[in-house]
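Numbering (my numbering), first residue to last: 1372 to 1960.
Glycine included, C-beta positions come from ideal geometry on N, C-alpha and C.
This one's a predicted model, so the numbers in the text were calculated from it and none came from an experiment.
Take a look at the structure below.
Written out as structure tokens, the structure is:
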């Protein structure tokens, strides 16, 4: 899972050169040539997991699981906490949030038991970052605050400052600017006390961005210039380029175009002396935008060419990193094969001894043959029951994996949508994510339910409503939803169709039914009707729908989906627009 350029504190993998990384992996694999039930083996597995996080997350999960198995066997609480944390981090980077949260929570539980307060707080920070990238900002804020309280209890000022920084990012993205300013200032004071110039620069730049969003440009410029001064003192070229670009963007907002050009020129001069292709992309993209505003299309064309050249450099750089990654994975696989060959030699010698023992024991086995046959007969019924349970577990596991795959797709789309600037394109992404999540909730309910054939729609609909609130970032007090769902069961296929219809109706209501000054009410009713029929009613008190909504030229993808799934349910549906919108669907139960 690729983290975006947002300054958040997370557990990270220290940077090593390719040669250093290969050497470290070799030494760890040497330890595992003859693995034992001891802390050294756990250390080797966990360090290998750490090396592969962000590089090959499947390998990271594999080694973290090995470390957890050994740490559980030797009953070492500290190692168990570490292994659980790494297992959670590996799943987090893989985009499998529910598994990540499970192992993070186990790590917190063990750290609390052994009194590792700072370790517990660090895991809460990771959980907060996971929720942040899922746009579940309330959950992210809650976990950051838990971490902050724990760090305060140990007077760990460095980590307190980091927790404040993460909280500031939450408040800024939620447009709670006063709270963002307060928390960034608290972070800055602690960094100042520790004489951490780089940390002070980051806090000041974050403050400047908040003031820019608040249209207080002079204050924003003061803070950004002070941040730039700290970057110069730290000789942090990456930070310097980012500061120049931030100041240039601020000047464009102020319509001070020559000042913006001067900052961009400084960034270009610095960028030529160092190999930072990603930062050059930001410079040339902003320069092209500035030239377009000024009407200097010739210069805009030149900077656009430079942007594409920088793009080619980024692609080449990324390809080299990918090649290095594949080389590391290949060498690791070769080492694993070598270890496996040695294990087989040992096993073959052991097998020879076992063969002699087996021949000696064969006569005794024959004596107990009759007893064994009788025992197997008595156990046959028990085995049949076990097979039935295993079959049900397998079906649940399939739905669990389907849900995980849908969640990975949703996470990937979420990563892309944060880069999308065009509102119409962003809306298309959000709609697609919403539909994927509607299906994901069905599979989640199946594998957590004892009945694998039919489900109660009440719990599903409530989860769907909460997911839509999060997706479209609508406060519950702004749009209230009342539901009246009768106690009925639906087969999985019908509930899937019904859920996708509801997803389209509620998404449409969230986006179009209510004006900014109008608090809204949506009612959802699912009840039994006559002749083994069910009736779904969704109504709102919004602005209503257009009369020509069913015309072929005006039908949206959402409307076509509603019609298609209504037909699949063999149902009759209709729309009415009277003091809002009313949708009614009747279908066989």
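Closest to residue i by CA distance: which of the options is it?
i: residue 1942; options: 1958, 1849 and 1668; result: 1958
i: residue 1592; options: 1897, 1624, 1536 and 1799; result: 1624
i: residue 1507; options: 1434, 1838 and 1949; result: 1838
i: residue 1911; options: 1609, 1938, 1854 and 1491; result: 1854
i: residue 1586; options: 1433, 1633 and 1622; result: 1622
i: residue 1597; options: 1609, 1574 and 1804; result: 1574
i: residue 1843; options: 1940, 1639 and 1804; result: 1804
i: residue 1677; options: 1666, 1503 and 1639; result: 1639
i: residue 1895; options: 1435, 1858, 1903 and 1909; result: 1909
Are the beta-carbon atoms of residue i and residue j separated by less than 7 Å?
i: residue 1952; j: residue 1916; result: yes
i: residue 1631; j: residue 1661; result: yes
i: residue 1944; j: residue 1928; result: no
i: residue 1420; j: residue 1457; result: yes
i: residue 1470; j: residue 1417; result: no
i: residue 1478; j: residue 1452; result: yes
i: residue 1866; j: residue 1826; result: yes
i: residue 1964; j: residue 1489; result: This structure cannot settle anything about residue 1964, because the visible part of the chain is limited to 1372 through 1960.
i: residue 1561; j: residue 1541; result: no
i: residue 1960; j: residue 1907; result: no
i: residue 1852; j: residue 1841; result: no
i: residue 1856; j: residue 1829; result: yes
i: residue 1780; j: residue 1807; result: yes
i: residue 1590; j: residue 1584; result: no
Report all residues from its chain with a CB closer than 7 Å to the CB of residue i; omit the five preceding and five following residues, and keep chain order.
i: residue 1913; result: 1880, 1884, 1885, 1891, 1951 and 1952
i: residue 1444; result: 1408
i: residue 1428; result: 1461, 1464 and 1465
i: residue 1604; result: 1568
i: residue 1948; result: 1915 and 1916
i: residue 1636; result: none
Residues in the same chain with beta-carbon distance under 8 Å from residue i, minus the five sequence neighbours each way, listed in chain order, please.
i: residue 1668; result: 1662
i: residue 1564; result: 1528
i: residue 1447; result: 1410 and 1413
i: residue 1642; result: 1612, 1650, 1651 and 1654
i: residue 1601; result: 1568, 1569, 1571, 1572 and 1575
i: residue 1899; result: 1857, 1859, 1905, 1906 and 1960
Can you tell me which of the three DSSP states residue i falls into?
i: residue 1427; result: coil
i: residue 1587; result: coil
i: residue 1853; result: strand
i: residue 1885; result: coil
i: residue 1893; result: strand
i: residue 1547; result: coil
i: residue 1641; result: helix
i: residue 1957; result: strand
i: residue 1907; result: strand
i: residue 1673; result: helix
i: residue 1383; result: Low confidence applies here, because residue 1383 scores a pLDDT of 40, under 50, leaving its location unreliable and the question unanswered by this model.
i: residue 1517; result: helix
i: residue 1690; result: At residue 1690, the pLDDT of 48 sits below 50, so the modelled position is not reliable; the number obtained from the coordinates is stated separately. The answer is helix: DSSP assigns residue 1690 an H, G or I state.
i: residue 1408; result: coil
i: residue 1899; result: strand
i: residue 1952; result: strand
i: residue 1700; result: Because the pLDDT at residue 1700 is just 49, under 50, the model does not fix this residue reliably, and the value given afterwards should be weighed accordingly. Three-state DSSP puts residue 1700 in a helix.
Which residues in the same chain have their Cβ closer than 6 Å to the Cβ of residue i, if we skip the five residues on either side of it in sequence?
i: residue 1933; result: 1872 and 1875
i: residue 1430; result: 1423
i: residue 1438; result: 1413, 1416, 1417 and 1454
i: residue 1606; result: none
i: residue 1547; result: none
i: residue 1961; result: Absent from the model: residue 1961. The displayed extent of the chain is 1372 to 1960, so no value can be given.
i: residue 1492; result: 1518, 1521 and 1522
i: residue 1482; result: 1452, 1490 and 1491
i: residue 1670; result: 1662
i: residue 1862; result: 1825
i: residue 1889; result: none
Checklist line | Minimum length 4: unbroken alpha helix (DSSP H) runs contained in the region 1593-1640 | finding: Whole alpha helix (DSSP H) segments, 4+ residues: 1608-1624.
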